[in-house]
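Asks: Mapped onto mature numbering (1 follows the signal peptide of the UniProt record, and there is no 0), the consecutive letters of the sequence shown carry residue numbers -24 to -1, 1 to 391.
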Amino acid sequence: MRATLAGITASALTLYAMTSTAFATDLRMTVWTGSEVHLKMLNGIAEGFKAKHPDVNVKFETVPVNDYTQKLTFQVAGGNPPDIAWMMEDAAPAFENANLLMDLGPTLKATEGYDFADFSQPAMGLWQKGDTVYGIPFSTSPFMIYYNKDMFDKAGLDDPLALAAKGDWNMDRFQEVAKKLTAANPGKWGFEFKDGEGYASRMTHALLPPIRAYGGDIWSNHECGFDKPEAVKAVKQLHDMVFKDKSIVPPGEQGDYFSGNSAMTVNQISRASKMAEAGFKWGIAPLPSGPGGESPVIGQAGLVVFAQGKNKDIAAEFIAHMTSKENVAIMAQFFPPARKSVLESDAFINGNKLIPPEMMKNVAAAIANGRVHPAHEKSPQILAAMAPRVDALWKANADVDAAIKGICSAIQPLL
């Protein structure tokens, strides 16, 4: 009898395990970070969700940033979208207008204690139309200057943070110190474009900050801005820095600020995770101002659920969990928040172990005063049309005026 009972019990346990496994839900979430620190943080947030939903497993899939939007588009077109995805600000309008994204509004607003109104309205501009919520920004991150203080000290120069504090950090001073840094550090450069991709996947990220500093924009109100006088001056200054001063890493070369080969670069605070292993003293500072004044540029990324996904409802619940006040505060060390309560807290200013409070104050100010990188529903086509025209610009003997006109001729019909 005991043997029979034992057999029945074992069979029942086996059946329970099989049933539990059969009903487990695996959520796929694509991200463009491969940072161990970032993934550890994300997995910790997923474990908190699993405590309430034991049958749900969240799997984070890293897709390289340079191919991210293209590969995400292929997955969606192939009928195999992830359940949840990070989405770049410039891609959001195309996915929204194609009705590919789930309305998260009902789930978020029904979540106890969520406080949807805590999200800054400007930060929600790309992700909400009326009552429809296509995504929630998890990162509203301004572009900042990262600098190698050791290289500045070797050149006997004030670093960008010190120059900004004196009101002397502008585009002219930026060009001057980049040239001096290059001269003082043979074989290295004064400046490198964002992620070393300023001539390719990050071309708008390279051109936008100086153009904004001069008072222009790359496009606005469906009109190309590259050929406006402010933008032309900014682009010509960059061209001089690349080919006359030879202070910016040129096309075909890799500077790699993070390895100590460039004195300055532009990036966001998520990249601070890479600085723990840097072999030099470093800091972050605001972007240089210009004739247009201080013009912080904000890069934004949101969390979305695909309308054709297999696990939409539970995926939306995970986004509600991930963007709660508690978890936004955890992510804020790398991804500046759109929640006003977190952004305005002392915990945000003092909570980053890698970035001192005086530098984080500049981050908070840039979020408060900055404008998001321009987006458009045809961003992929616009960038594809731009690419050969931008290539023509980055040549030593380029006719810069003609190249800039060529950019506008290529993209205006798409705008």
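Every residue, glycine too, gets a C-beta built ideally from N, C-alpha and C.
Quick check: residue 418 and phenylalanine 219, are their CB atoms within less than 8 Å of each other?
Replies: Absent from the model: residue 418. The displayed extent of the chain is -24 to 391, so no value can be given.
Asks: To which residues of the same chain is valine 211 closer than 8 Å at the C-beta, ignoring the five residues directly before and after it?
Replies: The residue given as residue 211 occupies position 235 in the sequence shown. Contacts found: Leu183, Pro186, Ile187, Phe202, Leu369, Val376 and Ile380.
Asks: Using the rule of at least 16 other Cβ atoms within 10 Å of the residue's Cβ for burial, across every protein chain shown, is phenylalanine 234 buried or exposed?
Replies: The residue labelled residue 234 in the question sits at position 258 within the sequence shown. When all chains shown are included, phenylalanine 234 counts as buried.
Asks: Hey, out of Asp221, Lys257 and Tyr122, whose CA is closest to lysine 170's CA?
Replies: Looking up residue 170 in the sequence shown gives position 194. With distances taken between Cα atoms, lysine 170 lies closest to Tyr122.
Asks: Residues in the same chain with beta-carbon distance under 6 Å from serine 271, minus the five sequence neighbours each way, listed in chain order, please.
Replies: As a working mapping, residue 271 is identified with position 295 in the sequence shown. Answer for serine 271: Arg188 and Ala189, listed in chain order.
Asks: Any idea what DSSP makes of proline 113, helix, strand or coil?
Replies: If you number the sequence shown from 1, residue 113 lands on position 137. Strand at proline 113.
Asks: Alanine 378 and methionine 64: beta carbons closer than 8 Å?
Replies: By 1-based counting over the sequence shown, the position of residue 378 is 402. By 1-based counting over the sequence shown, the position of residue 64 is 88. Contact: no.
Asks: With DSSP collapsed to three states, give me the class of threonine -4.
Replies: Residue -4 sits at position 21 when you count from the first residue of the sequence shown. Unreliable positioning characterises threonine -4 in this predicted model, as indicated by a pLDDT of 46, which lies under 50. A coordinate reading is not provided.
Asks: Compute the Euclidean distance between the alpha carbons of tyrosine 110 and leucine 133, then round it to the nearest angstrom.
Replies: Sequence index remark: in the sequence shown, residue 110 carries index 134 (1-based). Sequence index remark: in the sequence shown, residue 133 carries index 157 (1-based). Rounded to the nearest angstrom, the gap between the Cα atoms of tyrosine 110 and leucine 133 is 47 Å.
Asks: Would you check if the distance between the CB atom of glutamine 309 and the CB atom of glycine 275 is smaller than 8 Å?
Replies: To locate residue 309, count along the sequence shown from 1; it is residue 333. To locate residue 275, count along the sequence shown from 1; it is residue 299. The answer is no: Cβ separation not under 8 Å.
Asks: DSSP state of proline 364, grouped into three classes?
Replies: One-based indexing of the sequence shown puts residue 364 at position 388. Looking at proline 364 - three-state DSSP - the assignment turns out to be helix.
Asks: With distances taken Cα to Cα, identify the nearest neighbour of aspartate 31 among Phe294, Val366, Glu37 and Lys155.
Replies: Along the sequence shown, one-based indexing puts residue 31 at 55. Closest by alpha carbon: Phe294.
Asks: Any contact between the stretch 161 to 169 and the stretch 235 to 242? By contact I mean 3 or more CB pairs, one from each, below 8 Å.
Replies: The stretch 161 to 169 vs the stretch 235 to 242: in contact.
Asks: Quick one: grab the DSSP three-state call for aspartate 171.
Replies: In the sequence shown, the residue the question calls residue 171 occupies position 195. Helix, per DSSP.
Asks: If I measure Cβ to Cβ from aspartate 221 and keep anything under 6 Å in the same chain, skipping five residues before and after, which residues do I get?
Replies: Indexing the sequence shown from 1 puts residue 221 at position 245. Correct list, in chain order: Lys155.
Asks: Look up alanine 225 in the DSSP assignment and say whether it is helix, strand or coil.
Replies: Locating residue 225 in the sequence shown gives position 249, counting from the first residue. According to the sequence as given, residue 225 is valine; it is not alanine. The answer is coil: DSSP assigns valine 225 none of H, G, I, E or B.
Asks: May I ask you to report which of helix, strand or coil DSSP gives glycine 192?
Replies: Position 216 of the sequence shown, counting from 1, holds the residue named residue 192. Collapsing the DSSP output to three states places glycine 192 in coil.
Asks: Hey, glutamate 37 and methionine 5 are a contact pair by Cβ (cut 8 Å); roughly how many whole angstroms apart?
Replies: In the sequence shown, counting from the first residue as 1, residue 37 sits at position 61. In the sequence shown, counting from the first residue as 1, residue 5 sits at position 29. Taking 8 Å as the upper bound for CB-CB distance, glutamate 37 and methionine 5 are in contact here, some 7 Å apart.
Asks: Can you tell which of Thr116, Pro350 and Pro58 has the C-alpha that lies nearest to the C-alpha of lysine 286?
Replies: Residue mapping note: residue 286 aligns to position 310 of the sequence shown, counting from 1. Among Thr116, Pro350 and Pro58, the Cα nearest to that of lysine 286 is on Pro58.
Asks: Taking 8 Å as the threshold (beta carbon to beta carbon), is methionine 336 in contact with chain C?
Replies: No chain C appears in this structure, which consists of one protein chain only.
Asks: Cβ atoms of methionine 335 and isoleucine 260: under 8 Å apart, would you say?
Replies: Position 284 of the sequence shown, counted from the first residue, corresponds to residue 260. Position 359 of the sequence shown, counted from the first residue, corresponds to residue 335. The answer is yes: Cβ separation under 8 Å.
Asks: When the Cα atoms are used, what is the spatial distance from phenylalanine 114 to arginine 315?
Replies: As a first step, residue 114 must be located in the sequence shown, where it is residue number 138. As a first step, residue 315 must be located in the sequence shown, where it is residue number 339. Roughly 9 Å separates the two Cα atoms.
Asks: Is it buried or exposed, residue 392, if we count other Cβ atoms within 10 angstroms and call 16 or more buried?
Replies: Outside the shown range of the chain (-24 to 391) lies residue 392, about which nothing can therefore be said.
Asks: According to DSSP, is asparagine 326 helix, strand or coil?
Replies: Reading the sequence shown from its first residue, position 350 is the one you call residue 326. Asparagine 326 falls in the helix class under three-state DSSP.
Asks: Do you know whose CA, among Met307, Gly101 and Tyr175, lies nearest alanine 360's CA?
Replies: Walking along the sequence shown from the start, residue 360 turns up at place 384. Ranking Met307, Gly101 and Tyr175 by Cα distance to alanine 360 puts Tyr175 first.
Asks: Is proline 264 closer than 8 Å to phenylalanine 150 when the C-beta atoms are compared?
Replies: The residue given as residue 150 occupies position 174 in the sequence shown. The residue given as residue 264 occupies position 288 in the sequence shown. For phenylalanine 150 and proline 264, yes; Cβs fall inside 8 Å.
Asks: Got a sec, what are the start and stop residues for the alpha helix (DSSP H) glycine 20 sits in?
Replies: Along the sequence shown, read from residue 1 onward, the residue named residue 20 stands at position 44. From DSSP, the alpha helix (DSSP H) with glycine 20 extends over 12 to 28.
Asks: In the DSSP output, what is phenylalanine 282 paired with across the bridge?
Replies: Taking the first residue of the sequence shown as position 1, residue 282 is located at position 306. According to DSSP, phenylalanine 282 bridges with Leu77.
Asks: Express the C-alpha separation of alanine 341 and glycine 24 in angstroms, rounding to a whole number.
Replies: Taking the first residue of the sequence shown as 1, we reach residue 24 at position 48. Taking the first residue of the sequence shown as 1, we reach residue 341 at position 365. If I take the Cα positions, the gap works out to 31 Å.
Asks: At a cut of 8 Å, does the stretch 315 to 328 reach the stretch 88 to 103 through at least three beta carbon pairs?
Replies: yes
Asks: Let's see if you can read the secondary structure: which residues bound the beta strand (DSSP E) around residue 412?
Replies: In the structure as shown, the chain starts at -24 and stops at 391, and residue 412 therefore has no counterpart that could be examined.
Asks: Considering just the uninterrupted stretch of the alpha helix (DSSP H) at glycine 382, what are its terminal residues?
Replies: As a working note, residue 382 is residue 406 in the sequence shown. Start and end: 376 to 387.
Asks: Since asparagine 338 contacts isoleucine 21 with CB under 8 Å, what's their CB separation in whole angstroms?
Replies: Here residue 338 refers to the residue found at position 362 of the sequence shown. Here residue 21 refers to the residue found at position 45 of the sequence shown. Not confirmed; about 27 Å, so no contact.
Asks: Report buried or exposed for glutamine 46, applying the criterion of at least 16 other Cβ atoms within 10 angstroms of its Cβ.
Replies: If you number the sequence shown from 1, residue 46 lands on position 70. Residue environment: glutamine 46 is assigned as exposed (fewer than 16 neighbouring CB atoms within 10 Å of its CB, all protein chains considered).
Asks: For my contact list, asparagine 33 and leucine 80 are in at a C-beta cut-off of 8 Å; report their separation, rounded to the angstrom.
Replies: As a first step, residue 33 must be located in the sequence shown, where it is residue number 57. As a first step, residue 80 must be located in the sequence shown, where it is residue number 104. Going by Cβ atoms, the distance from asparagine 33 to leucine 80 rounds to 21 Å, so no, they are not a contact pair.
Asks: Does the Cβ of serine 246 have 16 or more other Cβ atoms within 10 Å, making it buried, or fewer, making it exposed?
Replies: Numbered from 1 along the sequence shown, position 270 holds the residue referred to as residue 246. Buried, by the Cβ-count rule.
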